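Asks:
Chains as they are written, first to last, in our numbering: chain P, 97 to 354; chain L, 148 to 604.
1. For residue 384 of chain L, which three-state DSSP category applies?
2. Should residue 304 of chain P and residue 280 of chain P be called a contact, given that it needs their Cβ atoms to be closer than 8 Å?
3. Going along chain L in order, which residues have a C-beta closer than 9 Å to the C-beta of residue 297 of chain P?
4. Any beta-carbon of chain L closer than 8 Å to the one on residue 329 of chain P?
5. Closer than 8 Å, Cβ to Cβ, to anything on chain P: give me those residues from the region 338-367 of chain L, in chain order.
6. Taking the alpha carbon of residue 293 of chain L as the point to measure from, which residue in L:172, L:231 and L:168 has its own alpha carbon closest?
7. Output the residue ranges of the alpha helix (DSSP H) runs that lie fully inside the region 237-273 of chain P and measure 4 residues or longer, sorted by chain position.
8. Can you check the region 415-480 of chain L for any alpha helix (DSSP H) of at least 4 residues that lies completely inside it and give the ranges in chain order?
9. Is the CB-CB distance between residue 200 of chain P and residue 172 of chain P below 8 Å?
10. Does residue 104 of chain P come out as helix, strand or coil in the three-state DSSP assignment?
11. Under 9 Å Cβ-Cβ, which residues of chain P neighbour residue 371 of chain L?
12. For residue 291 of chain P, does the three-state DSSP call read helix, strand or coil?
13. Would you mind stating whether residue 252 of chain P and residue 325 of chain P have Cβ atoms separated by less than 8 Å?
14. Verify whether the separation of the beta carbon atoms of residue 524 of chain L and residue 287 of chain P is less than 8 Å.
15. Quick one: Cα of residue 330 of chain P to Cα of residue 578 of chain L, how far?
16. When you compare only the Cα positions, how much space is there between residue 536 of chain L and residue 458 of chain L?
17. Only counting the same chain, and skipping five residues up and downstream in sequence, which positions put a Cβ closer than 8 Å to that of residue 182 of chain L?
18. With which residues is residue 603 of chain L paired in a DSSP beta bridge?
19. Tell me, to the nearest whole angstrom, how far the beta carbon of residue 373 of chain L is from that of residue 303 of chain L; I am working on the premise that it is less than 8 Å.
20. Could you tell me the boundaries of the beta strand (DSSP E) in which residue 141 of chain P lies?
21. Would you say the region 343-358 of chain L touches the region 143-158 of chain P, given that touching needs at least three Cβ pairs under 8 Å?
22. Starting from the C-beta of residue 176 of chain P, find all residues in its chain whose C-beta is less than 7 Å away, skip the five residues before and the five after it, and write them out in chain order.
23. Is DSSP giving residue 317 of chain P helix, strand or coil here?
24. Out of curiosity, what's the CA-to-CA distance linking residue 288 of chain L and residue 408 of chain L?
25. So if I threshold CB-CB distances at 8 Å, which residues from the region 130-161 of chain P count as touching chain L?
26. Do you know how far the Cα of residue 468 of chain L is from the Cα of residue 556 of chain L?
27. Rounded to whole angstroms, what is the Cα-Cα separation between residue 108 of chain P and residue 118 of chain P?
28. Can you tell me which of P:112, P:321 and P:338 puts its alpha carbon nearest to the alpha carbon of residue 250 of chain P?
29. Using the beta-carbon of each residue, which ones in chain L are nearer than 7 Å to residue 319 of chain P?
30. Expressed to the nearest angstrom, what Euclidean distance is found between the alpha-carbon atoms of residue 427 of chain L and residue 165 of chain L?
31. Please name the residue, chosen from L:327, L:319, L:385 and L:333, that lies closest to residue 261 of chain P on a Cα-to-Cα basis.
32. Compile a chain-ordered list of the residues in the region 201-227 of chain P whose CB is closer than 9 Å to at least one CB of chain L.
33. Per DSSP, which residues does residue 200 of chain L bridge with? Please list them.
34. Have a look at residue 377 of chain L and residue 477 of chain L and give me their C-alpha separation to the nearest angstrom.
35. Throw me the rounded Cβ distance for the residue 586 of chain L and residue 405 of chain L pair, which I believe falls under 8 Å.
36. Please look up how many angstroms separate the CB atoms of residue 258 of chain P and residue 185 of chain P, rounded, as I've assumed it's under 8 Å.
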């Protein structure tokens, strides 16, 4: 009888998934990159300098990996957590004290902090190697938006435990929107926006109200931030990441001296 | 932690951590010594007379490892309390430290590192600096006030970030200095040497796999060792003091000391994002694309480092570790006392001008006057500030071209639009340090103070 791995690799099921032999020789190492959906993100071959860790710091890749970790742990946490005033805090408390996989919350939170740091480090590296220079200008711009989305992801998630730390951090952070020029009711110029003598920008119609869904951080805010955190921002970030990675390839691959 | 735990109990709690911490530093140094010895990179420092035995850097780091091992053992035996900085030293550090000393000190330190980069990037020097900072960190951990802030679960990542940023700043400067020396000799940058192509499978995908496994392990260990914070249930009536935004926004919260929310929370963050996006379009320098260098792009390097390391990171560190109740400044070893009173004597520019200089009192519209006259009087009252601001943004860009050869050449090479974007971004970035200086030196509150329309600047 042939060895087990040969039986597996020779089976119709295996071949239907992987349409070529194991990547042990040069030809199949090329083929694997071209035929595998996940690997086709990469080129087939790359300059040695472009994969040197001391050059890239791997921070973009680490950030992407952390995004995946956050997605997986986040989806699992969503099965458990209910974003209502009645349950939000208790569910987190239960995650800490009684739920079997409560450690998922720790991984999710520390992964989020780490992601903020790694995305900064990625930007730092890209700047220091001048990799935003032509032809990669536009990809840098997408990267800045992704950096912003990472911060907003973390910010919206900060509210969900519904403890003192959460609501006051969001209160302090969102108070800024109150002072938005023209669009905040305590911002310069908002007094000019009147219609027949009635103020259009009040504490129930300004930028802060739009962000919080209420005049203060309450249940509406919890719902709004939950949807932003779990659906809206991740979708936007995923789309931009796809473009970001695609543009890395289209703009000449990883940067290097000309 | 405060008020509940006695110092003896606190030391018992922290002793276990310090034992592991010093042991970790010792192992780190032992590995460095082993690496230097094995790779033959150890530098001979001196030869013992007579025997001719060489003392190398490997021996030094081995000795350092030994010292840290002893510290580790000492911390276990309940001696952790003795492993502290002298109280007098801590008090002196606290009394010296303030927003001015901290901010200017950070700037001076970074400027010194930049100017002396050829010296500071040497691995031996950088490693010694790392050891020193780790020792200082360990000695500070026996201080209750220091430990209570640094050990807050959400603050731990910031400590990690400081070290990561330090490491990567060193690494990039190390490579940049090497490349700059090579360029001076007419050689190509180091990155150019590895020009040959390799297959992504296995050379890249295996690295990625190892990275993913390592990161997963790290996250698990981190999650097990450190519990995510969960405070009391949210209450909209009990305001904590201090109330802080999430840590990555604390630089912005710190700006609130100097600017009103519409500037610190909306306009300046917007400028940061817009300015970052504009970088590729205003940096016309073709050099330094795809390799580390400082000399070939000094202006871009310094501007970015000033914005990132000084105005963003050090302000976050200050907002996190040094701002306590009522957003008052506290030294590293100072108790966060909610009753600390700091005198606020800040004065508006219009007050200085109309009251202190002209002795006439600030102009005020007569009661019952129309909207037009009210605004007229407001503008008259704030005319000096408005004039200064108009002069700053209107006169700044042309003045830079006229009086600075550097910016003149830039203007000629960049063209009008790009130059205006660049110069205005720089002027906007400089607003924060200018306001800081004005606050520290002449207690300036607002250059333009129009509370009637929430327009304080």
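All C-beta atoms, glycine included, are put in the ideal place defined by N, C-alpha and C. Keep in mind the model is a prediction, meaning the values are calculated, not measured.
Replies: According to the data block:
1. Along the second chain, read from residue 1 onward, the residue named residue 384 of chain L stands at position 237. Residue 384 of chain L falls in the coil class under three-state DSSP.
2. Counting from 1 along the first chain, the entry for residue 304 of chain P is found at position 208. Counting from 1 along the first chain, the entry for residue 280 of chain P is found at position 184. Annotated as proximal: residue 304 of chain P and residue 280 of chain P, with beta-carbon spacing under 8 Å.
3. Mapped onto the first chain, residue 297 of chain P falls at position 201. The contacting residues do not exist; residue 297 of chain P stays about 11 Å from chain L at best.
4. In the first chain, residue 329 of chain P corresponds to position 233, counting from 1. Cβ-Cβ to chain L under 8 Å: no for residue 329 of chain P.
5. Closer than 8 Å at the C-beta level to chain P, one finds these residues of the region 338-367 of chain L: 338, 339, 340, 341, 342, 343, 344, 345, 346, 347, 348, 349, 350, 351, 352, 354, 355, 358, 359, 362, 363, 366 and 367.
6. Residue numbering aside, residue 293 of chain L sits at position 146 when the second chain is read from its first letter. Nearest of L:172, L:231 and L:168 to residue 293 of chain L, Cα basis: L:231.
7. With a minimum length of 4 residues, no continuous alpha helix (DSSP H) run stays inside the region 237-273 of chain P.
8. Contiguous alpha helix (DSSP H) elements confined to the region 415-480 of chain L occur at 415-429 and 445-452, taking only those with 4 or more residues.
9. Along the first chain, read from residue 1 onward, the residue named residue 200 of chain P stands at position 104. Along the first chain, read from residue 1 onward, the residue named residue 172 of chain P stands at position 76. Note that the C-beta distance between residue 200 of chain P and residue 172 of chain P is below 8 Å.
10. As a working note, residue 104 of chain P is residue 8 in the first chain. It is helical.
11. Residue numbering aside, residue 371 of chain L sits at position 224 when the second chain is read from its first letter. Taking a Cβ-Cβ threshold of 9 Å, the residues of chain P close to residue 371 of chain L are 199 and 202, in chain order.
12. For the purposes of this step, residue 291 of chain P is identified with residue 195 of the first chain, where counting begins at 1. In the structure shown, residue 291 of chain P falls within a strand segment according to DSSP collapsed to helix, strand and coil.
13. Translated into the one-based positions of the first chain, residue 252 of chain P becomes position 156. Translated into the one-based positions of the first chain, residue 325 of chain P becomes position 229. Cβ atoms of residue 252 of chain P and residue 325 of chain P: closer than 8 Å.
14. Working through the second chain from its first residue, we reach residue 524 of chain L at position 377. Working through the first chain from its first residue, we reach residue 287 of chain P at position 191. Taking C-beta atoms as the reference points, residue 524 of chain L and residue 287 of chain P fail to come closer than 8 Å.
15. Sequence index remark: in the first chain, residue 330 of chain P carries index 234 (1-based). Sequence index remark: in the second chain, residue 578 of chain L carries index 431 (1-based). Residue 330 of chain P and residue 578 of chain L have their alpha carbons spaced roughly 34 Å apart.
16. Your numbering for residue 536 of chain L matches position 389 in the second chain. Your numbering for residue 458 of chain L matches position 311 in the second chain. Rounded to the nearest angstrom, the gap between the Cα atoms of residue 536 of chain L and residue 458 of chain L is 21 Å.
17. Position 35 of the second chain holds residue 182 of chain L. Close CB contacts of residue 182 of chain L within its chain, under the 8 Å cut and outside five residues either way in sequence, are with 188 (chain order).
18. If you number the second chain from 1, residue 603 of chain L lands on position 456. For residue 603 of chain L, which the question treats as bridged, DSSP gives the partners L:596.
19. Residue numbering aside, residue 373 of chain L sits at position 226 when the second chain is read from its first letter. Residue numbering aside, residue 303 of chain L sits at position 156 when the second chain is read from its first letter. Contact holds; Cβ gap of about 6 Å.
20. Counting from 1 along the first chain, the entry for residue 141 of chain P is found at position 45. From DSSP, the beta strand (DSSP E) with residue 141 of chain P extends over 141-143.
21. As far as the Cβ criterion goes, the region 343-358 of chain L touches the region 143-158 of chain P, which means the pair count is three or higher.
22. On the first chain, position 80 is the one that residue 176 of chain P refers to. Exclusion of the five residues before and after residue 176 of chain P leaves 187, 191 and 195 as the residues of its chain whose Cβ lies within less than 7 Å of its Cβ.
23. The sequence position of residue 317 of chain P within the first chain is 221, counting from 1. Helix.
24. Taking the second chain and counting its residues from 1, one reaches residue 288 of chain L at position 141. Taking the second chain and counting its residues from 1, one reaches residue 408 of chain L at position 261. Approximately 35 Å, taken between the alpha carbons.
25. Residues 135, 138, 139, 140, 141, 142, 143, 144, 145, 147, 148, 149, 150, 151, 153, 154, 157, 158 and 161.
26. What you label residue 556 of chain L is simply residue 409 of the second chain in a count that begins at 1. What you label residue 468 of chain L is simply residue 321 of the second chain in a count that begins at 1. Taking the CA atoms as reference points, residue 556 of chain L sits about 43 Å from residue 468 of chain L.
27. Here residue 108 of chain P refers to the residue found at position 12 of the first chain. Here residue 118 of chain P refers to the residue found at position 22 of the first chain. Roughly 15 Å between the two C-alpha positions.
28. The residue given as residue 250 of chain P occupies position 154 in the first chain. Looking at P:112, P:321 and P:338, the one whose alpha-carbon comes closest to that of residue 250 of chain P is P:321.
29. One-based indexing of the first chain puts residue 319 of chain P at position 223. None at all; the shortest Cβ gap to chain L is about 14 Å.
30. Within the second chain, residue 427 of chain L is the residue found at index 280, counting from 1. Within the second chain, residue 165 of chain L is the residue found at index 18, counting from 1. Whole-angstrom Cα-Cα distance: 46 Å.
31. Here residue 261 of chain P corresponds to residue number 165 of the first chain, with the count starting at 1. Relative to residue 261 of chain P, the option among L:327, L:319, L:385 and L:333 whose CA is nearest is L:385.
32. So the close ones are 201, 202, 203, 204, 205, 206, 207, 209, 210, 212, 213, 214, 216, 217, 219, 220, 221, 223, 224, 225, 226 and 227.
33. In the second chain, counting from the first residue as 1, residue 200 of chain L sits at position 53. For residue 200 of chain L, no pairing in a beta bridge is given by DSSP.
34. As a working mapping, residue 377 of chain L is identified with position 230 in the second chain. As a working mapping, residue 477 of chain L is identified with position 330 in the second chain. Between residue 377 of chain L and residue 477 of chain L, the C-alpha separation is close to 25 Å.
35. Counting from 1 along the second chain, the entry for residue 586 of chain L is found at position 439. Counting from 1 along the second chain, the entry for residue 405 of chain L is found at position 258. Contact flag correct, Cβ pair sits at about 6 Å.
36. If you number the first chain from 1, residue 258 of chain P lands on position 162. If you number the first chain from 1, residue 185 of chain P lands on position 89. The beta-carbon distance between residue 258 of chain P and residue 185 of chain P, rounded to whole angstroms, is 4 Å. This is short enough to meet the 8 Å contact definition.
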